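*Asks:* My questions all concern the structure below.
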Amino acid sequence: MASAADPEKGIEDAEELEAVDDPDTMEFCVAKNINFEDLEEGNSPTQRLHGGSESELKQMVDTDILSEPDLTINATRELFPFSIVWGPLPCLTWCIPCVGHMGIGDSQGRVHDFAGPYCVNTGRFMTGRVVRYYQLSKKEMKILREKGSPSRVWDRAIAEGDRKYQGLMHNICCQNCHHHTAECARNAGYRIGMVDAAILVLLKGRSVSLDRTLFAFGPFLLIVLLVVLLSLVH
C-alpha cells in the first residue's frame with residue numbers, strides 16, 4: 090500500500106512553485122546577476138542567472154592580468170573601455186540637444202547605465218547606439234594605477250555603483266543615469282558630479298561617427314531651420 094503524502098512537504102513544494110512563477114521575484118537587469126561580494130574580496134565575479142544557464146557576460150575583472158589595459162574603442166560592438174558615454178533621448182534631445190542618456194564603460198568596454206527603477210543595464214545601452222564618449226586621459230588613468238590594477242579598480246567602482254542604483258527608484262531630475270555615472274566615477278577616486286560628467290562627454294568628448302551625430306542632432310537642426318524659415322515668411 091502506498092504511503093500517504095506528507096501534507097507539509099506538499100505545502101513547501103507549492104510555495105516553491107509560486108515563488109518561481111511570481112514575476113516580482115524575477116530579475117531582469119544584467120547587473121543584478123553579478124556577485125558583488127567576489128569583487129569586494131578581489132576575486133573575479135561570478136554570475137547568477139536563472140535556470141543555471143551560462144553567463145551572458147564575460148568576467149568584468151581578470152585578477153591574473155595586471156598588464157596595461159586595452160583602451161581600444163570598438164564602435165561596431167558598442168565597446169567603450171574606461172569611458173563615459175552618451176546617447177540621445179528621442180523628442181527630448183530633438184528639442185534640447187544637451188539632454189540625453191548617459192552610461193559608463195567598464196574595463197572591457199561594456200556600457201553600464203541606470204535605465205529605470207531598480208534597473209541597471211550591462212552591455213545593453215538603453216538608447217541603443219552610443220553617439221558620444223569621453224575616455225579617461227593618461228593623467229586620469231594614473232589615478233587608477235596608484236590604487237592597483239586599473240581594470241580591477243575601475244570595474245569594482247562601477248560594480249559598487251551598479252549595486253547601489255539597482256536598489257533605487259529612478260527619478261528624471263534628482264536620481265537618474267547621470268547620477269549613476271558620476272557615482273561610479275567617484276567610487277574610482279575622481280571628484281566629479283553629474284554636471285561635470287555631462288560637460289566631459291558633450292564638450293570634451295568625441296563623436297563616434299558622423300551618421301550617429303546627425304541622427305542625434307539632425308532633428309534639432311531641422312526644427313531650428315523650420316522656425317527660421319517660418320519667421321522669414323511672416
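Residues in the sequence shown are numbered consecutively from 90, following the numbering used here. Just so it is clear, CB atoms sit at the ideal spot from N, CA and C, and this is done for glycine as well. Bear in mind the structure is a predicted one, so any value in this text is a computation, not a measurement.
Does the beta-carbon of residue 189 have 16 or more other beta-carbons within 10 angstroms, so that it is buried, or is it exposed?
*Replies:* In the sequence shown, counting from the first residue as 1, residue 189 sits at position 100. It counts as buried.
*Asks:* Does the pairing of the region 238–247 with the region 179–198 give three or more beta-carbon distances under 8 Å?
*Replies:* Counting Cβ pairs under 8 Å, three or more are found: they touch.
*Asks:* Is it buried or exposed for residue 256, if we count other Cβ within 10 angstroms and need 16 for buried?
*Replies:* Locating residue 256 in the sequence shown gives position 167, where the first residue counts as 1. Residue 256 should be labelled exposed.
*Asks:* To the nearest angstrom, how far is the alpha carbon of residue 236 from that of residue 276?
*Replies:* Looking up residue 236 in the sequence shown gives position 147. Looking up residue 276 in the sequence shown gives position 187. Between residue 236 and residue 276, the C-alpha separation is close to 12 Å.
*Asks:* Could you please give the first and the last residue of the uninterrupted alpha helix (DSSP H) stretch that includes residue 239?
*Replies:* Taking the sequence shown and counting its residues from 1, the one referred to as residue 239 is at position 150. 239–254 is the span of the alpha helix (DSSP H), which, as asked, contains residue 239.
*Asks:* Just how far apart, CA to CA, sit residue 246 and residue 312?
*Replies:* Locating residue 246 in the sequence shown gives position 157, where the first residue counts as 1. Locating residue 312 in the sequence shown gives position 223, where the first residue counts as 1. Looking at the two C-alpha atoms, the distance is approximately 40 Å.
*Asks:* On a CA-only basis, which of 299, 294, 266 and 292 is nearest residue 283? Give me that one, please.
*Replies:* In the sequence shown, counting from the first residue as 1, residue 283 sits at position 194. Among 299, 294, 266 and 292, the Cα nearest to that of residue 283 belongs to 266.
*Asks:* Nearest-angstrom Cα distance between residue 404 and residue 316?
*Replies:* Beyond the ends of the chain as shown, which are 90 and 323, falls residue 404; an answer cannot be given.
*Asks:* Starting from the C-beta of residue 192, find all residues in its chain whose C-beta is less than 7 Å away, skip the five residues before and the five after it, and write them out in chain order.
*Replies:* Within the sequence shown, the letter at position 103 stands for residue 192. If we look at residue 192 and ignore the five residues flanking it on each side, its Cβ neighbours are 174, 200, 201, 202, 214, 266 and 270.
*Asks:* Closest to residue 286 by CA distance: which of 165, 169 and 223 is it?
*Replies:* Your numbering for residue 286 matches position 197 in the sequence shown. Ranking the options by Cα distance to residue 286, first place goes to 223.
*Asks:* To the nearest angstrom, report how far apart residue 178 and residue 250 are at their CA atoms.
*Replies:* As a working note, residue 178 is residue 89 in the sequence shown. As a working note, residue 250 is residue 161 in the sequence shown. C-alpha separation (whole angstroms): 23 Å.
*Asks:* Is the beta carbon of residue 171 sitting closer than 8 Å to the one on residue 181?
*Replies:* Sequence index remark: in the sequence shown, residue 171 carries index 82 (1-based). Sequence index remark: in the sequence shown, residue 181 carries index 92 (1-based). Against a cut-off of 8 Å, the Cβ pair of residue 181 and residue 171 comes out as no contact.
*Asks:* First and last residue of the alpha helix (DSSP H) that includes residue 269?
*Replies:* Locating residue 269 in the sequence shown gives position 180, where the first residue counts as 1. Note, residue 269: alpha helix (DSSP H), 266–276.
*Asks:* Which one of 320, 218 and 229 has the shortest CA to CA distance from residue 168?
*Replies:* For this step, residue 168 is matched to residue 79 along the sequence shown. For residue 168, the nearest C-alpha among the options comes from 218.
*Asks:* Please classify residue 305: does DSSP put it in a helix, a strand, or coil?
*Replies:* Counting from 1 along the sequence shown, the entry for residue 305 is found at position 216. Helix.
*Asks:* Which residue comes first and which comes last in the beta strand (DSSP E) that contains residue 193?
*Replies:* Looking up residue 193 in the sequence shown gives position 104. Unbroken beta strand (DSSP E) run through residue 193: 189–194.
*Asks:* Which stretch, first to last residue, makes up the alpha helix (DSSP H) that contains residue 220?
*Replies:* Start at 1 with the first residue of the sequence shown, and residue 220 comes out as number 131. Premise fails: residue 220 is in no alpha helix (DSSP H) and is neither H nor E.
*Asks:* Pull up the distance between the alpha-carbon of residue 216 and that of residue 290, whole angstroms please.
*Replies:* In the sequence shown, residue 216 corresponds to position 127, counting from 1. In the sequence shown, residue 290 corresponds to position 201, counting from 1. Those two C-alpha atoms are separated by around 16 Å.
*Asks:* Rounding to the nearest angstrom, what Cα-Cα distance links residue 204 and residue 166 in this structure?
*Replies:* Position 115 of the sequence shown holds residue 204. Position 77 of the sequence shown holds residue 166. If you take the alpha carbons of residue 204 and residue 166, they lie about 20 Å apart.
*Asks:* How long is the line joining the alpha carbons of residue 230 and residue 248, rounded to whole angstroms?
*Replies:* Numbered from 1 along the sequence shown, position 141 holds the residue referred to as residue 230. Numbered from 1 along the sequence shown, position 159 holds the residue referred to as residue 248. If I take the Cα positions, the gap works out to 18 Å.
*Asks:* Tell me residue 295's beta-bridge partners as DSSP assigns them.
*Replies:* As a first step, residue 295 is located in the sequence shown; it is residue number 206 there, counting from the start. DSSP output for residue 295 lists 222 as bridge partner(s).
*Asks:* Taking just the CA atoms, how far does residue 225 sit from residue 302?
*Replies:* To locate residue 302, count along the sequence shown from 1; it is residue 213. To locate residue 225, count along the sequence shown from 1; it is residue 136. Distance between the alpha carbons of residue 302 and residue 225 is about 21 Å.
*Asks:* Please state whether DSSP places residue 168 in a helix, a strand or coil.
*Replies:* What you label residue 168 is simply residue 79 of the sequence shown in a count that begins at 1. Residue 168: strand per DSSP, three-state reduction.
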